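In this note's numbering, the protein residues as written are 109 to 320.
All residues carry an ideal CB built from backbone N, CA and C; glycine is no exception.
No experiment lies behind these values; they were computed from the predicted model shown.
Data first, discussion second: the structure below is written as structure tokens.
Below is the structure:
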């Protein structure tokens, strides 16, 4: 009886070089492969822009639930596509053939616009030819001193935006903000109500001791 586990199969023999007729056929496929890759890259940009347009036509707070109910991917993927479309040029051929993880790295919030433009320029100039090299360049920046400066700057921008949002809500609704939140809940707009409540009770608000 033969023991299948001990049975050795001959190793696959790889050709030392491609036959001329095979090389000719592969050469014919190269443009088709490039075209397919560009179409795939363009998909990320197009979907991101369409999602951005759709979000702009919805009441605030409804977008995430709409994505969950109507699209074959989740809200996290939607956010990634939207950020790619918002931060990267869609007319650069070499960007359109990059992997999604590379486009995601390039569109990272931790990468400043100046550094992002510099990397995109190096990609187009052929200085960064592979996804691995691009991701390494981004990681070196994000984890280095330049990345720390970008994170500090981003945190300051977020805090300023939070203060402006809190001031705006209080100027808009004043003492009636609690009533406004209740009305939003009654109108089945709980996400927007929760957002306003978070802003109204934020320590950054002019007065967060409201009776909500």
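- Skipping 5 residues on each side, what residues in its chain have a beta carbon closer than 8 Å to that of residue 246? 213, 214, 216, 219 and 227
- Message: With a threshold of 6 Å on Cβ separation, who are the neighbours of residue 168 within its own chain once the five nearest residues in sequence on each side are excluded?
- Response: Only 300 meet the Cβ criterion.
- Query: DSSP state of residue 233, grouped into three classes?
  - Reply: coil
- Query: Between residue 252 and residue 262, what straight-line distance do the alpha-carbon atoms span, to the nearest angstrom?
  - Reply: 15 Å
- Leaving out five residues before and five after residue 159 in sequence, what residues of the same chain have Cβ atoms less than 7 Å from its Cβ? 186, 189 and 190
- Task: Determine the burial state of residue 171: buried for a count of at least 16 other Cβ atoms within 10 Å of its Cβ, exposed for fewer.
- Result: Result: buried.
- Query: Under a three-way DSSP split, which group does residue 179 fall into?
  - Reply: coil
- Message: Among the candidates 204, 239 and 279, whose CA atom is the shortest distance from the CA of residue 147?
- Response: Nearest in C-alpha terms to residue 147, of all of 204, 239 and 279, is 204.
- Give the secondary structure of residue 200 by DSSP, where H, G and I count as helix, E and B as strand, and everything else as coil. coil
- What number of angstroms, rounded off, separates the C-alpha of residue 110 from the C-alpha of residue 129? In this prediction, residue 110 scores a pLDDT of 48, lower than 50, which makes its location untrustworthy; the coordinate-derived value is nonetheless stated afterwards. C-alpha separation (whole angstroms): 42 Å.
- Evaluate residue 141 with the Cβ neighbour count: other Cβ atoms within 10 Å of its Cβ, from every protein chain shown; 16 or more gives buried, anything less gives exposed. exposed
- Determine the DSSP secondary structure at residue 309, reduced to helix, strand or coil. coil
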